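Colleague: Questions regarding the structure given below will be posed in turn.
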Amino acid sequence: MPIRRLPETLVNQIAAGEVVERPAAAVKELVENALDAGARHIDVVLRDGGRALIAVTDDGCGMTPEEMLLAVERHATSKLPDDDLVHIASLGFRGEALPSIGAVARLGVTSRPPSAEEAWTLSVEGGRVGAPQPAAHPKGTRVEVRDLFFATPARLKFLKTARTEVSHAQDTLNRLAMAHPEVGFTLSDGDRKLISLAPAEGALFDARLKRLAAVMGRDFADNALPISAEREGIGLTGYIGLPTLNRGNAQQQYLFVNGRPVRDKLLYGAVRGAYQDFLARDRHPLVALFVTLPPEQVDVNVHPTKAEVRFRDPGLVRGLIVSAAKHALAEAGHRAATTVSDLALGVLRPGSGMGSGMGSGAGGGLPWGQPQGTRLPRGLAEATAHYQAPLGQPAVSHGTLPGLAQAPAAAAPNVHAEAEAEAAGDGFPLGAARAQVHGTYVVAQTGDGIVIVDQHAAHERLVYERMKEQLGETGVARQMLLLPEVVELEETAAARVVARAEELADLGLVLEAFGLGAVVVREVPALLGTVDVPGLIRDLADELAELGEALALRDRLEHVCGTLACHGSVRAGRILNVEEMNALLRQMEETPHSGQCNHGRPTYVELKLADIEKLFGRRSRPAQIPETWRGRALRGGDGWCWEDPENSGNSVRFYKGDPDSPVPAKQGPYVVVCSDGCLMDRNGYPIPGSRCPED
């Protein structure tokens, strides 16, 4: 068969097979075009999972009729003014999206620049371009994609159900929304809104956290650690979750490079390396990290959908992520995720229905880290304590309860130690030890609640951190092999291993090249004891090729350290006296990462006094407005609050505008709760910028 030039329509259909693999891919391309056009609000509508309709409307710069005709031609774009493929500052740059979509669907584009008096519309059906026609449309652009893949019916057979396709589109839009918090996004399926994100205001760091909270949930925002680091012109910002807030998969790991959502093995490997000391291999942290670097140091033109990138110095980027994340986790100290105590309270509440599902996480995972629905922010109950306290003290029974006279399980503390513990209780984050139950759990009293510590898990973490510190100071002890072992590998794999010989020597593994395609191992880490040297070397070669790090050796060393720490720590069932329990608490406060054991499980649970009292019905009355506040206007974030006479003084109604001529706001009424000088609404969320009146 002779070589021939393919028809333009067939060329576009082939290109569409790479760029538009499913409706979510079309949504990604169209939304990226809207962002590049400077849109401040983007609306997306899907019907039948995107098969019947994909509509993307924005308020960007718009296009003239002449520009619209060019936009639907292949390789026509406004985003490469200097024909420079290195310094790319936009999300799109190839000029393939619209012609590719138009080749496999019925495409309609309606647009109006800000200076134009009228809009124009253009249609493309199966690759055939119509003539521009006048239309009515506000400033911006609307792109409609109908009957996706009608020109390539075979592709329709590979699409999933409408719900699955919508979920993919939802994930795509969420990723773009996290990268651009200053832009508002909505997504609907024609009947209901699936995403509704208003533009986030304030500084970039604060706006980004608000957007992440809206997408990833308030649990992440409440348990996120800020990241801000820079090395050799590469910046890293974002938030990472505490290790005790984890999932059974990596779907809640969001990574961005110069504002572009990516799925890069190097970056995911860096996240795993940062958390390897704190999580089991089948658990994954929640992160949202933003890498910024000069355009010439990253190549974004290596994947048809631009989902992957290639760094000029991948080791530098990976090292920055690992070191910054580890530094933030170390600064968190003994802090554990608030979801741990929320889960415990949920189990204790009558009728919660959670008692039988404790071990039924996804994939047999752990119960913590699983979403448990909407909860009030931490600290709200404590803030309302003054207004919700019972009017009178309950009667105290002086009768003897059954079993009260029996000796406690823990050893009786001496009087001086107990007095000292009581005096020190309010001065420490984990409080003062009060008792030991079942020979396993230490109960401590804090200034506003109690802490329950798993003594074995906590001490295991302390011993493990101490062993790591000693290994860092003295190095990994080596054991020389009586007969050096030669391991044969592929030539490229052997070269990779030999190139990292110095790093491996720091981990106790001494090797060198032994001709082409082989290495000779002379020393191994003494901690490993008897080791399968060929298997270890082959695992190292595979991981160096995929992730650029010797995780196999590190994992084995950490497994040995973890085993030694487990056997060398305080066992469950051992009776501790008050001094020993308080010493354990103080060491936890001083040791980084002591909030979770080596597998990401929490070492302690903190229960606030207000939450405990709620369990016993002592916090059932609504918040009351203090007498000094009555009849006064309270300053809010974007308006004013007054007492609502229709609600018996139990709440205030929120107003916008001038206090002399207020306009009722839609979100009222609001319950007044004073927490650090801030007003909170009836759902427990702070009113931005609000403050309590000064008495």
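If you count by the UniProt record's numbering, then the sequence shown holds residues 1 to 695, one letter each, in order. In this text, a Cβ means the ideal position worked out from N, Cα and C, and glycines have one as well. In this text, all values refer to a predicted model and were calculated from it rather than measured experimentally.
Output yes or no for whether 7 Å exceeds the beta carbon distance between Leu98 and Val129.
Modeller: No, Cβ-Cβ distance for Leu98 and Val129 is not below 7 Å.
Colleague: Determine the extent of the beta strand (DSSP E) in which Glu523 is found, giving its start and end residues.
Modeller: 518-525 is the extent of the beta strand (DSSP E) around Glu523.
Colleague: Pull up the DSSP beta-bridge partners for Asn246, would you.
Modeller: Answer is Pro285.
Colleague: Rounded to the nearest angstrom, what separates Gly60 and Arg40 at their Cα positions?
Modeller: Roughly 7 Å between the two C-alpha positions.
Colleague: Write down the C-beta distance between Asp147 and Arg112 rounded to the nearest angstrom, noting that I regard them as a contact closer than 8 Å.
Modeller: That pair is no contact at about 25 Å.
Colleague: Count the C-beta pairs between the region 233-248 and the region 308-321 that are closer than 8 Å, then say yes if the count reaches three, no if not.
Modeller: Touching, per the Cβ criterion.
Colleague: By alpha-carbon positions, which one of Glu590, Ala229, Arg22, Ala435 ends up nearest to Asp428?
Modeller: Strictly speaking, residue 428 in this sequence is Phe, with Asp absent from that position. Ranking Glu590, Ala229, Arg22, Ala435 by Cα distance to Phe428 puts Glu590 first.
Colleague: Report buried or exposed for Ile54, applying the criterion of at least 16 other Cβ atoms within 10 angstroms of its Cβ.
Modeller: It counts as buried.
Colleague: Would you call the CB atoms of Gly126 and Asn33 closer than 7 Å?
Modeller: For Gly126 and Asn33, no; Cβs fall outside 7 Å.
Colleague: Candidates His137, Leu173, Lys614: which alpha carbon is nearest Met63's?
Modeller: Measuring from the Cα of Met63, the nearest candidate turns out to be His137.
Colleague: Is the beta carbon of Val309 sitting closer than 7 Å to the one on Val257?
Modeller: Closer than 7 Å, so yes.
Colleague: What are the complete beta strand (DSSP E) segments, minimum 3 residues, inside the UniProt domain "DNA mismatch repair protein S5" (212-330)?
Modeller: The UniProt domain "DNA mismatch repair protein S5" (212-330) contains these whole beta strand (DSSP E) runs: 224-231, 234-241, 253-257, 260-262, 287-292.
Colleague: Looking at C-alpha atoms only, which residue of His303, Ile612, His75, Gln455 is the closest neighbour of Val11?
Modeller: The option with the nearest alpha carbon to Val11 is His75.
Colleague: Express the C-alpha separation of Val44 and Pro132 in angstroms, rounding to a whole number.
Modeller: Near 23 Å, if we compare the C-alpha coordinates of Val44 and Pro132.
Colleague: Per the contact definition of three or more C-beta pairs closer than 8 Å, is the region 261-270 in contact with the region 316-323?
Modeller: Touching, per the Cβ criterion.
Colleague: How many angstroms separate the CA atom of Gly600 from the CA atom of Leu279?
Modeller: Each residue's alpha carbon lies about 4 Å from the other.
Colleague: Considering only their Cβ atoms, is the gap separating Ile452 from Leu578 smaller than 7 Å?
Modeller: It should be noted that the sequence gives Val, not Leu, for residue 578. No, they are not a contact pair.
Colleague: Confirm, please, whether the CB-CB distance from Arg500 to Arg603 is below 7 Å.
Modeller: According to the sequence provided, residue 603 is Thr. The question's Arg does not apply to it. Contact flag unset, no.
Colleague: On the DSSP letters alone, give me the boundaries of the beta strand (DSSP E) that Glu512 sits inside.
Modeller: 510-513 is the span of the beta strand (DSSP E), which, as asked, contains Glu512.
Colleague: Would you kindly report the start and end of the unbroken alpha helix (DSSP H) that includes Ala583?
Modeller: Segment 578-590, the alpha helix (DSSP H) holding Ala583.
Colleague: Using DSSP with H/G/I as helix, E/B as strand and the rest coil, what is Gly140?
Modeller: Of the three classes helix, strand and coil, the one that applies to Gly140 here is strand, per DSSP.
Colleague: Where does Arg163 sit, in a helix, a strand or coil, going by DSSP?
Modeller: Note: Arg163 maps to helix in three-state DSSP.
Colleague: State the DSSP-derived secondary structure class of Val476, mapped to helix, strand or coil.
Modeller: If DSSP states are grouped into helix, strand and coil, Val476 belongs with coil.
Colleague: Return the residue from the list His593, Glu331, Ile101, Leu69 that minimises the CA-CA distance to residue 698.
Modeller: Residue 698 lies beyond the stretch modelled for the chain, which goes from 1 to 695, so this question has no answer here.
Colleague: Closer than 8 Å by C-beta to Met68: which residues in its own chain qualify, once you throw out the five before and the five after it? Chain order, please.
Modeller: Hits under 8 Å: Val109, Ser111, Trp120, Leu122, Pro132.
Colleague: Under three-state DSSP, which class holds His593?
Modeller: Of the three classes helix, strand and coil, the one that applies to His593 here is coil, per DSSP.
Colleague: Check the C-beta distance from Ala37 over to Thr172 and give it rounded, since I have them as a contact under 8 Å.
Modeller: Actually they do not touch by this definition, with Cβ atoms about 18 Å apart.
Colleague: Measure the CB-CB distance between Ala332 and Ile227 and report whether it falls below 7 Å.
Modeller: The answer is no: Cβ separation not under 7 Å.
Colleague: Mind checking Ile14: buried by the 16 CB within 10 Å criterion, or exposed?
Modeller: It counts as exposed.
Colleague: What's the gap between the Cα of Thr474 and the Cα of Arg522?
Modeller: Taking the straight line joining both Cα atoms gives about 20 Å.
Colleague: Expressed to the nearest angstrom, what Euclidean distance is found between the alpha-carbon atoms of Ala214 and Arg175?
Modeller: Their Cα atoms are separated by approximately 12 Å.
Colleague: Could you work out which residue in Leu187, His180, Arg155 is closest to Ala169 when comparing CA atoms only?
Modeller: The option with the nearest alpha carbon to Ala169 is Leu187.
Colleague: Quick one: give me the first and last residue of the alpha helix (DSSP H) that Val453 is part of.
Modeller: No alpha helix (DSSP H) contains Val453, which is instead part of the beta strand (DSSP E) from 449-454.
Colleague: Using the rule of at least 16 other Cβ atoms within 10 Å of the residue's Cβ for burial, across every protein chain shown, is Pro2 buried or exposed?
Modeller: Exposed is the call here.
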